[in-house]
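So the sequence shown is residues 22 to 172, counted in the working numbering. Just so it is clear, CB atoms sit at the ideal spot from N, CA and C, and this is done for glycine as well. Only a predicted model underlies this, so the values are computations on that prediction, with no experimental measurement involved. Let me begin by presenting the structure, written as structure tokens, before commenting on it.
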Amino acid sequence: MRADNARHVIAAARRRSQRAQEQAAAALHRLDSAGRAVSFDAVAKEAGVSRSWLYTQPHLRAEIERLRRRQRPSPGPVIPERQRASDPSLRARLIAAHAHINELHAENRRLRAALAEALGANRTAATRDTPVDDTDHNRELQVRATFERQA
22 MRADNARHVI AAARRRSQRA QEQAAAALHR LDSAGRAVSF DAVAKEAGVS
72 RSWLYTQPHL RAEIERLRRR QRPSPGPVIP ERQRASDPSL RARLIAAHAH
122 INELHAENRR LRAALAEALG ANRTAATRDT PVDDTDHNRE LQVRATFERQ
172 A
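Next up, the structure:
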């Protein structure tokens, strides 16, 4: 009578299936981390498994489809999901950029007013044929230098 080796065959099949799932999950992670396109074909080649087997694995199939939907159709490299900016983060950056722009506009208004005042004082002094006070002249030079740096 022959021994029943079915349990050994079943255990080997389970180990092989577990190893294939681990390889596919690792390949999926590598593709996403590297910013490469995620597809059934790419995962199958990277993991050394068949595409048809990937389609039969619900959790791997769902993850591949989720990552495929998140990819942009642009020709540039895809940013890995963990490095992508979230909507709240983008909103915060936009608000900060608007605040900075408003600060720059206010500074430009102040500088233009100071420059206009200095140029007006210079013009007034020139029309009266009186020398410009050194403090006014130095202030005008400082305002002009600051204005030119801002431009």
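Q. Where does Asp25 sit, in a helix, a strand or coil, going by DSSP?
A. coil
Q) If Val70 and Ala41 are in contact, beta carbons under 8 Å, what's the gap, nearest whole angstrom? A) 5 Å
**Q.** Three-state secondary structure assigned by DSSP to Ile100
**A.** coil
Q) What number of angstroms, rounded off, separates the C-alpha of Ala125 from the C-alpha of Leu49? A) Residue identity differs from the one stated: residue 125 is Leu in this sequence, not Ala. Each residue's Cα considered, the two are about 46 Å apart.
Q: Count the other C-beta atoms from every protein chain shown that fall within 10 angstroms of the C-beta of Glu67, then say buried if there are 16 or more, exposed otherwise.
A: So Glu67 counts as buried.
Q. What did DSSP end up calling Val30 once you bin it into helix, strand or coil?
A. helix
Q | Cβ-based neighbour list, Arg160, same chain, cut-off 7 Å, excluding 5 preceding and 5 following | A | Ala139
Q | Distance, Ser107 Cα to His29 Cα | A | 49 Å
**Q.** Whole beta strand (DSSP E) elements within the segment 66 to 129, 3-residue minimum
**A.** List check, beta strand (DSSP E) in window: nothing returned.
**Q.** Selected residue, minimal CA-CA separation from Leu52, among Asn143, Thr167, His121, Leu88
**A.** Leu88
Q | Among Val99, Asn26, Asp25, Arg23, nearest to Ser60 - alpha-carbon criterion | A | Val99
Q: Compare the beta carbon distance of Gln92 and Ala45 with 9 Å and say whether it is the shorter of the two.
A: no
Q: Report yes if the C-beta distance between Arg105 and Ser54 is below 9 Å; otherwise report no.
A: no
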